[in-house]
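Protein chains: 2
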Amino acid sequence: MAKEITPRETDYSQWYVDIVTRANLADYSAVRGCMVIKPHGYAIWEKMRDQLDRMFKETGHVNAYFPLFIPKSFLSKEAQHVEGFAKECAVVTHHRLMNDPNGNGIIVDPEAKLEEELIVRPTSETIIWDAYRTWINSYRDLPLLINQWANVVRWEMRTRLFLRTAEFLWQEGHTAHATKAEAEEEAKLMQKIYAQFAEEWMAMPVIQGVKTENERFAGADETYTIEALMQDGKALQAGTSHFLGQNFAKAFDVKFLNENNEQEYVWATSWGVSTRLVGGLIMTHSDDDGLVLPPKLAPLQVAIVPIPKPAPAIDEAAEKIMKALKAKGISVKYDTDMKKRPGFKFAEYEMHGVPVRLGIGARDLEKGEVEVARRDTKEKTSKPIDGIADYVSNLLDDIQRNLLERAKQFRTEHTTVVNNFDDFRDALEAKGGFISAHWDGNTETELKIKEMTKATIRCIPNDAPEEEGTCVLTGRPSKRRVLFAKAY
Amino acid sequence: MAKEITPRETDYSQWYVDIVTRANLADYSAVRGCMVIKPHGYAIWEKMRDQLDRMFKETGHVNAYFPLFIPKSFLSKEAQHVEGFAKECAVVTHHRLMNDPNGNGIIVDPEAKLEEELIVRPTSETIIWDAYRTWINSYRDLPLLINQWANVVRWEMRTRLFLRTAEFLWQEGHTAHATKAEAEEEAKLMQKIYAQFAEEWMAMPVIQGVKTENERFAGADETYTIEALMQDGKALQAGTSHFLGQNFAKAFDVKFLNENNEQEYVWATSWGVSTRLVGGLIMTHSDDDGLVLPPKLAPLQVAIVPIPKPAPAIDEAAEKIMKALKAKGISVKYDTDMKKRPGFKFAEYEMHGVPVRLGIGARDLEKGEVEVARRDTKEKTSKPIDGIADYVSNLLDDIQRNLLERAKQFRTEHTTVVNNFDDFRDALEAKGGFISAHWDGNTETELKIKEMTKATIRCIPNDAPEEEGTCVLTGRPSKRRVLFAKAY
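Order-wise, the sequence lines are chains D and E. In this text, residue positions in the first sequence follow this note's numbering: the first is -8, and each later residue adds one. In this text, residue positions in the second sequence follow this note's numbering: the first is -8, and each later residue adds one.
Spelled out as structure tokens, the structure:
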């Protein structure tokens, strides 16, 4: 099976597509740019969603659901938002089909034209703030900490499974606050939660930073981001959290009576992560033999394979091991399929990224042992059946840690500090990755660098120390380094 | 607060709207026929979804996600399906907006017309069976037991919050099987699971039966249904499971190689329940003081109210009780809001359907007691704090049981067996509910009765015994009684 995956060295893009399709994660559909998320891919997304949902709820958020459609006029209400989002989107213009009177199948009923066109939500700030106007009256109604799990549509020209599709699944938090400070704190808190999720659950290290004005969300005063580095040296924007100021409150006239009995506009944030994270997960850890999954997000953590096939003594040992693993909350499957040989099964579990594989044969049993194979390093060892559950439990933790460490090391090796434009270009050319460089703070300079190198400013890292320097392009003074990279 | 709810006797429809809005379950949005599901309503739906999801997974189903959009031509592929679904639906015709060159805001870009219109899914059989064509090759790929949680859109003319909205949330199972018998068994299994969920979790008794040809899902060979009875005597179709025969397999050319190496068309089922269930839940149990929720689906099960306000001794007792309740997995909140008086809080928890309310005052504490109020019967008693967690735990079970019993009794009282058309009309007029009557099996008769009385055949109950009789309308022979009712 493994031979069907194109090696990363040969063609990184094809390798990615091979992994996604061969590990049964997703597929393109009959609708341009829209994907089908297959059961294995969806199971990973479910694990992500459940954990994120727990983290949101632990920090006081609740879920709600707002309409899929947005009246066209809503998009124009916030001046910058319309520029950013009222472009490539799906527009509903009619509400009925009919039989073609000329007998050519079904056609759109021209009589059923909508008075105002509806846009399939590309993001929900407008429809949500329209609702908040009636929900918020007094400071007692604040803060409003609401999240929505939903599908959204952006009519992308070039799509890639999980990373950029016309329709995708995501969560979007939309909070309302009485003060600027509280809203800013919320936006930063969600950035922190995203970073924590990325590192602790996805084993994907991220840089937390703030976007430049040019890269900011349309309608935001500040955009906080988490940026990850993929194995091809490109950055992936993995999640963003926006401080929206009073922009949407003003656009939708959402005011509240404060404690001093005065009318004030409400302060807002919004924040989101999407099925794009599944793409990030794949590209952070996988190898030329298939998917590699961090144990905390693996739908199946342990596979037990009888060698060469099921037999009473092997079945008995497998049952015992399964029971012990399940008691520890570890998901496990005993693969009794008689139609497939062990070698085929091994390759299949490797392809699907199952973190740990146990092989049980008659000779192993004689010694009271099983063969343990870990997916991340491909190491195999023999271990006593006695105490195997403890061993596997620790091994899963170890794999989770190792994947994060490995990805951190890759990032360290692919982060270059440069002080002039030649070095900037050389580093980008030679190994890609993050380039830490001084920038003069002008959008014009930023765009020029992008035009010349395709690299964009991913963020101004939160922890970037103040440091005197000169812009790599213009030589103008700069007070802080920023991170550049080519990006997805 | 309670006075703001219109009594059921006065205006049942208004009572329903009052409950939905006053208990903060949902609201209409700026988009015609689309609702906003507010946090309290969504929390109930989440509890339903999580339990259904567990039941689906326990019976071997997995989740996946298919595109929101369906190419217009797909709808025409299954002859009956197109008649049923290619009517009132949202049609996407363009993929871009632009600034009006005449300066009138944004308009649809006429250049961005889609070659083929896309329909926002009203249900997903077509797009899913188009995918199954590439997923299914051999009997080894079967059965395919897939479920999807998604939003769908049907452009309804008359809408009601939760019961009938243009957009709604639901799950749709789509399974593929090698044999007719297996597919039929699956369709019946899902009907049974829906019935079990309705009775054990929603405390909503349902009749399991099969639909007449006229009421069948467009594209199905058989539709299994669960039918509930609301407090106004109208029936609610609460969930359906369809045996689709080979209709979609033939329409989308989905064949498999059977064990004898022959090509065969695949057998199919589909089944779904939606946010309509929230409407059914409300109308089954609620009263003129607000929402009544079965404990198993209540987002908050117990509210503790300090009387008249928090005080050290009361706080201490409340903390102790909370800890004991949480240890039993019971959700509980101690309401320390100083801005609201106890009477206000009582009315609020009643309105929101919190099953159990505990009041703690100084005098209660002296006696080592708390006041326990149950939402379903409104009974209040004093109980010792010692052992209160056990008492409340049993009480929650008791409320769950009582709600089901009460609803069953209501249904019994509102089910009338009739043997002639005068009695049929009288019973329908006098108290509504289910009318058990003989019918001659003809669609024509069925439609005539509907025209004359507005009652439709809800189902032929699974457990209807064979019984000789004559049709209430035509006097023709009949072998089995069916259930009629006016329906939502």
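All C-beta atoms in this analysis are idealised placements derived from N, C-alpha and C, irrespective of residue type, glycine included.
Handout entry: Alpha carbon of valine 82/D to alpha carbon of lysine 399/D, nearest angstrom
Key = So the alpha carbons of these two residues sit roughly 43 Å apart.
Handout entry: asparagine 128/E, buried or exposed, once every other Cβ within 10 Å from all chains shown has been counted against 16
Key = Classification for asparagine 128/E: exposed.
Handout entry: Closer than 7 Å to chain E by CB, leucine 16/D
Key = no
Problem - Residue from Phe475/E, Glu250/E, Arg112/E and Ile184/E whose Cα sits closest to the Cα of serine 64/E - result: Arg112/E
Exercise for the section: Measure the C-alpha to C-alpha separation of alanine 455/E and valine 473/E and round it to an integer number of angstroms. Expected result: 8 Å
Practice task
For the beta strand (DSSP E) containing proline 371/E, list its first residue and its last residue.
Solution key: Note that residue 371/E corresponds to lysine in the displayed sequence, not to proline. Note, lysine 371/E: beta strand (DSSP E), 371 to 375.
Exercise for the section: Would you mind reading off the limits of the beta strand (DSSP E) that contains methionine 26/D? Expected result: 26 to 28
Problem - DSSP-derived helix/strand/coil call for glutamate 158/E - result: strand
Practice task
Under 6 Å Cβ to Cβ from lysine 171/E, same chain only, skipping five residues before and after it: list those, please.
Solution key: Trp258
Practice task
Let me know if alanine 304/D comes out buried or exposed under the rule of 16 or more other beta-carbons within 10 Å of its beta-carbon.
Solution key: By the neighbour-count rule (16 or more Cβ atoms within 10 Å), alanine 304/D is not buried but exposed.
Practice task
Leaving out five residues on either side along the sequence, give the residues of the same chain with a beta carbon under 7 Å from the beta carbon of valine 408/E.
Solution key: Ser427
Problem - Beta-carbon proximity of alanine 157/E to methionine 195/E, cut-off 7 Å - result: Cβ atoms of alanine 157/E and methionine 195/E: not closer than 7 Å.
Problem - proline 333/E: first and last residue of the uninterrupted beta strand (DSSP E) it sits in - result: Run containing proline 333/E: none in the beta strand (DSSP E); it sits in the alpha helix (DSSP H), 333 to 342.
Exercise for the section: Determine whether the Cβ of isoleucine 28/E lies closer than 7 Å to any Cβ atom of chain D. Expected result: yes
Exercise for the section: With DSSP collapsed to three states, give me the class of methionine -8/E. Expected result: Caution applies to methionine -8/E, whose pLDDT of 43 falls short of 50 and renders its modelled position unreliable; the value that the coordinates give is listed next. Note: methionine -8/E maps to coil in three-state DSSP.
Problem - Which of helix, strand or coil DSSP assigns to isoleucine 480/D - result: The first residue shown for chain D is -8 and the last is 479, placing residue 480/D beyond what the model contains.
Handout entry: Any C-beta of chain D under 7 Å from that of threonine 12/E
Key = no
Problem - glycine 75/D (DSSP reduced to helix, strand or coil) - result: helix
Handout entry: Assumed close pair alanine 141/D, tryptophan 161/D - CB separation to whole angstroms, cut-off 8 Å
Key = 7 Å
Problem - Proximal residues of chain D, C-beta to C-beta of lysine 331/E below 8 Å - result: Those do not exist, as lysine 331/E stays about 10 Å from chain D at its closest Cβ, beyond 8 Å.
Exercise for the section: Tell me where the beta strand (DSSP E) around tyrosine 480/E begins and ends. Expected result: In this structure chain E extends from -8 to 479, so residue 480/E is not present and cannot be described.
Problem - 8 Å CB neighbourhood of leucine 16/E in its chain, flanking five on each side removed - result: Ile10, Ile28, Lys29, His31, Gly32, Ile35, Leu152, Phe153, Val269, Ile273 and Leu282
Exercise for the section: Would you list the one or two residues that DSSP bridges to tyrosine 215/E? Expected result: For tyrosine 215/E, which the question treats as bridged, DSSP gives the partners Val201/E and Ser232/E.
Problem - Residue closest to alanine 21/E, alpha-carbon to alpha-carbon, out of Ser373/D, Arg124/D, Val347/D and Val99/D - result: Just measuring C-alpha positions, the residue of Ser373/D, Arg124/D, Val347/D and Val99/D sitting nearest alanine 21/E is Arg124/D.
Practice task
Give a yes or no on whether 7 Å exceeds the smallest Cβ distance from methionine -8/D to chain E.
Solution key: Because the pLDDT at methionine -8/D is just 43, under 50, the model does not fix this residue reliably, and the value given afterwards should be weighed accordingly. Chain E, which has no Cβ nearer than 7 Å to the Cβ of methionine -8/D, makes this no.
Exercise for the section: Sort Thr84/E, Ala308/E and Asn95/E by Cα distance to lysine 104/E and report the nearest one. Expected result: Thr84/E
Practice task
State yes or no: is the beta carbon of phenylalanine 60/D nearer than 7 Å to at least one beta carbon in chain E?
Solution key: yes
Problem - Start-to-end residues for the alpha helix (DSSP H) that takes in valine 497/D - result: Chain D is shown from -8 up to 479; residue 497/D falls before or after that span and cannot be answered.
Practice task
Hey, could you find the ends of the beta strand (DSSP E) asparagine 138/E is sitting in?
Solution key: 135 to 144
Handout entry: Partner residues on chain E for threonine 447/D, Cβ-Cβ distance less than 9 Å
Key = Near threonine 447/D there are no residues of chain E at all, since even the closest Cβ is about 24 Å away, more than 9 Å.
Practice task
With DSSP collapsed to three states, give me the class of phenylalanine 425/E.
Solution key: strand
Exercise for the section: Determine, using beta carbons only, whether arginine 87/E and glutamate 79/D come nearer to each other than 7 Å. Expected result: yes
Handout entry: phenylalanine 234/E beta carbon less than 7 Å from that of threonine 266/E
Key = no
Handout entry: Endpoints, beta strand (DSSP E) assigned at tryptophan 258/E
Key = 258 to 265
Handout entry: Proximity to tryptophan 146/D [Cα-Cα], best of Leu395/E, Lys179/E, Leu109/E and Tyr185/E
Key = Leu109/E
Practice task
Express the C-alpha separation of tyrosine 479/D and phenylalanine 208/D in angstroms, rounding to a whole number.
Solution key: Distance between the alpha carbons of phenylalanine 208/D and tyrosine 479/D is about 16 Å.
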